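Undergrad: Attaching a single structure in structure tokens format; questions to follow.
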Amino acid sequence: MSLIDLSIEARGFAPSSIALAVRTIGACPAAGHRPDARILCGIGMLTVTRDNDDYRFVGDARCLGEDDTVNDLINWLEQRIPADGVIISWDNWGSVPRRLQALADLAQHPRILSAAGDVAGRWRDMPRGHTWHVRQARAPHMPCICGPGTSVTRCDAAMPTVLLPDPATTAVELINEAVAGWQCWARLFGDFDDASHPAQAALRALGRWRANQPGTR
């Protein structure tokens, strides 16, 4: 993957968009977690829409909890992916749309697969070069809980809830990370002295919204 993607700026700013952030944790490779032995344990979302002459922001997140599976996260996201419009994401141990493509099911998650397959169009998948200055929260790996001498072909892909990141804390962090990703994208547009540019107006609106959100930073 390139350090930066010049086409992201060339595709322009969109007043309405959603930004995604994901949390993954490492696990035993023999457990078979797709696509790269990392467990998707949370998804954060920032939804941005025009509201007359202003902007409206809504943060939301879904994390693995008691009796949840990764498919529950994908189902949650499928219900919130619009049929069209811009989607922004930034690297988390690899490309977010590529990870979602590997986890989604054609019959259950058509909107995710359609959007994730359009990284040259509606999906702005920012490489690390765009977001090198922002950080994502870390979480301990999921330890292998198979007994001694267990064959790798019989590895139990269990995910005890007690070993997963705390859902409430992770949800707040993921919304903040979705906000950070959207900011990185929006700051690509409009010169610092062009206060009338829609992207600069949206960034100012985001600042006002965040001032009233105790859980954001």
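Just so we're aligned, residue 60 is where the sequence shown starts under the numbering used here, counting upward by one.
Built from N, CA and C at the ideal position, the CB exists for glycine as well.
Quick caveat, the model's predicted, so the values are computed rather than measured.
Using DSSP bridges, identify the partner residues of Asp93.
TA: Taking the first residue of the sequence shown as position 1, residue 93 is located at position 34. According to the sequence displayed, residue 93 carries Arg and not Asp. Answer is none; Arg93 lacks a bridge partner.
Undergrad: Alpha carbons only, please: which of Gly206, Ile171, Val193, Leu233 is nearest the one belonging to Ala120?
TA: By 1-based counting over the sequence shown, the position of residue 120 is 61. Closest option to Ala120, Cα to Cα, is Leu233.
Undergrad: With Trp149 as the anchor, note down where its beta strand (DSSP E) starts and where it stops.
TA: To locate residue 149, count along the sequence shown from 1; it is residue 90. Counting along the chain, the beta strand (DSSP E) containing Trp149 begins and ends at 145 to 149.
Undergrad: Look at Val145 and Ala73 and say whether their C-beta atoms are less than 8 angstroms apart.
TA: One-based indexing of the sequence shown puts residue 145 at position 86. One-based indexing of the sequence shown puts residue 73 at position 14. Yes, they are a contact pair.
Undergrad: Name the residue from Arg109, Val221, Leu162 whose alpha carbon lies nearest to the alpha carbon of Ile98.
TA: Here the question's residue 98 lines up with position 39 in the sequence shown. Ile98 has its Cα closest to that of Leu162, out of Arg109, Val221, Leu162.
Undergrad: Quick check on Trp191: does DSSP put it in helix, strand or coil?
TA: Translated into the one-based positions of the sequence shown, residue 191 becomes position 132. Three-state result, Trp191: coil.
Undergrad: Can the beta-carbon of Trp244 be found less than 8 angstroms from the beta-carbon of Arg181?
TA: The sequence position of residue 244 within the sequence shown is 185, counting from 1. The sequence position of residue 181 within the sequence shown is 122, counting from 1. No, the Cβ-Cβ distance between Trp244 and Arg181 is not below 8 angstroms.
Undergrad: Counting C-beta neighbours from all protein chains within 10 Å, is the total for Arg93 16 or more, i.e. buried, or is it exposed?
TA: Sequence index remark: in the sequence shown, residue 93 carries index 34 (1-based). It counts as exposed.
Undergrad: Taking the Cβ atom as the reference point for each residue, do Gly85 and His168 lie within a distance shorter than 8 angstroms?
TA: Within the sequence shown, numbered from 1, the residue matching residue 85 stands at position 26. Within the sequence shown, numbered from 1, the residue matching residue 168 stands at position 109. Cβ distance not < 8 angstroms, so Gly85 and His168 don't count as in contact.
Undergrad: If contact is defined by three or more beta carbon pairs under 8 angstroms, each pair taking one atom from either stretch, is the region 255 to 264 in contact with the region 106 to 120?
TA: yes
Undergrad: Could you tell me which of Ala166, Arg70, Trp268 sits nearest to Ile147, measuring between CA atoms?
TA: Position 88 of the sequence shown holds residue 147. Out of Ala166, Arg70, Trp268, Arg70 has the C-alpha closest to the C-alpha of Ile147.
Undergrad: Assuming Ile140 is part of the alpha helix (DSSP H), what are its boundary residues?
TA: Against the sequence shown, residue 140 aligns to sequence position 81. Careful: Ile140 lies outside any alpha helix (DSSP H) and carries neither H nor E.
Undergrad: For Trp191, count neighbouring Cβ atoms within 10 angstroms of its own Cβ and tell me buried if that reaches 16, exposed if not.
TA: For the purposes of this step, residue 191 is taken as residue 132 along the sequence shown, with counting starting at 1. The residue is exposed, with fewer than 16 neighbouring Cβ atoms inside 10 Å.
Undergrad: What is the DSSP secondary structure of Cys87, reduced to helix, strand or coil?
TA: Indexing the sequence shown from 1 puts residue 87 at position 28. Of the three classes helix, strand and coil, the one that applies to Cys87 here is coil, per DSSP.
Undergrad: Leu123 and Gly103: beta carbons closer than 8 angstroms?
TA: As a working mapping, residue 123 is identified with position 64 in the sequence shown. As a working mapping, residue 103 is identified with position 44 in the sequence shown. No.
Undergrad: Should Ile171 and Ile133 be called a contact, given that it needs their Cβ atoms to be closer than 8 angstroms?
TA: Indexing the sequence shown from 1 puts residue 171 at position 112. Indexing the sequence shown from 1 puts residue 133 at position 74. Result yes, Cβ atoms of Ile171 and Ile133 sit closer than 8 angstroms.
Undergrad: Going by C-alpha distance, which of Thr220, Arg109, Arg246 is nearest Ile67?
TA: Indexing the sequence shown from 1 puts residue 67 at position 8. Of the listed residues, the one whose Cα sits closest to Ile67 is Arg246.
Undergrad: Between the Cα of Ala175 and those of Ala166, Arg158, Pro186, spot the shortest distance and give me the residue it belongs to.
TA: To locate residue 175, count along the sequence shown from 1; it is residue 116. Residue Arg158 is the option with its Cα nearest to Ala175.
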